[in-house]
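Here the structure is laid out as structure tokens; the discussion comes afterwards.
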Amino acid sequence: MAYKTDYSKAVPNQLNVFSEGRKRRIFVGTLIYDDSKNTYEFRYDPKYARSKNAIPIGKELDLFKKINTSKGKLFPSFEDRIPSKENPAYIDYCRSQGIDVEEKNQIKLLMSIGKRGPSTFIFEPIYQNNFSSEEIKKFRADLGLSINDMALAFDLNPPTLQRLETGGKTDLATLRRIQIYLTFPKVAMWQLTLTVGRLHTDIFHSLWNYFEAASKKNNNLNNVK
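Right under this line is the structure:
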């Protein structure tokens, strides 16, 4: 089954621009629409702007300007990437991307039906990951786990886990790993089969029962869909 982008979860009124060559993709910058000011802004990534092979997205978008601004109207170089509604294939373009044919948000149109064009520039939605150490603390509190219990169960470093929870230096790799466990119960259960021998029986059963219930809940939701 082909991957389909879920635009409903994207950050509204923003997108990232990349340049895609034969073997790699380079971050170019970010387009933002400020609806309170009815203003479009484009900011080049400084690293891209300084690179010797950098080219502007369009003649109106100065590589060496900190912020390119357009009041009330999308930059022409971006607007040109949105197919015309007069195009006989417009409805098919929208349907293929799961976009309403009456959609008027130009940022949303750019990141979907205008995503790819004749140039190397590609437009991508921006997603925010709001998972934080607060969710780890809540999980531990709900199950009555100590930091050491959590570390043993999921093969984590106790001092790293403690720093995460106390707002010390954030270890993103550890944070994302814990997020995976808490988001995908079957992965957590697989991990528990590897660490069961280290855990107190009560702790193991508490964790196993929690993730087994979460897994069944996920299956029921998928069946409803």
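Here my numbering is used: the first residue of the sequence shown is 188, the next is one more, and so on.
Each residue gets a CB set at the ideal place from its N, CA and C atoms; glycine is no exception.
These numbers come from a predicted model, not from an experiment.
(1) On the premise that R268 lies in contact with G216, defined as a C-beta separation below 8 Å, what is that separation, rounded to the nearest angstrom?
(2) Looking only at its own chain, which residues have a Cβ that is under 7 Å from the Cβ of G245, when we skip the five neighbours before and after it?
(3) Determine whether the beta carbon atoms of T382 and L339 lie at a separation below 9 Å.
(4) Can you tell which of Y397, T357, I313 and F341 has the C-alpha that lies nearest to the C-alpha of G384?
(5) Run through DSSP, which three-state label would D221 get?
(6) Helix, strand or coil for Q201 per DSSP?
(7) Looking at C-beta atoms only, is the number of pairs between the region 246-253 and the region 225-236 that lie closer than 8 Å three or more?
(8) Tell me the DSSP secondary structure of G384 in three-state form.
(9) Anyone know if the C-beta pair for T226 and K258 falls short of 9 Å?
(10) Per DSSP, E228 is paired with what?
(11) Using only alpha-carbon positions, find the residue among K191, Y190, D193 and V198 that is nearest to N317.
This is what the structure holds:
(1) Going by Cβ atoms, the distance from G216 to R268 rounds to 15 Å, so no, they are not a contact pair.
(2) F262, P263 and S264
(3) Here T382 is near L339, since their CB atoms are less than 9 Å apart.
(4) Check the Cα spacing between G384 and each of Y397, T357, I313 and F341: the tightest is with F341.
(5) strand
(6) strand
(7) yes
(8) helix
(9) Their beta carbons are under 9 Å apart, which means T226 touches K258 by this criterion.
(10) DSSP lists I219 and T256 as partners of E228.
(11) It is V198.
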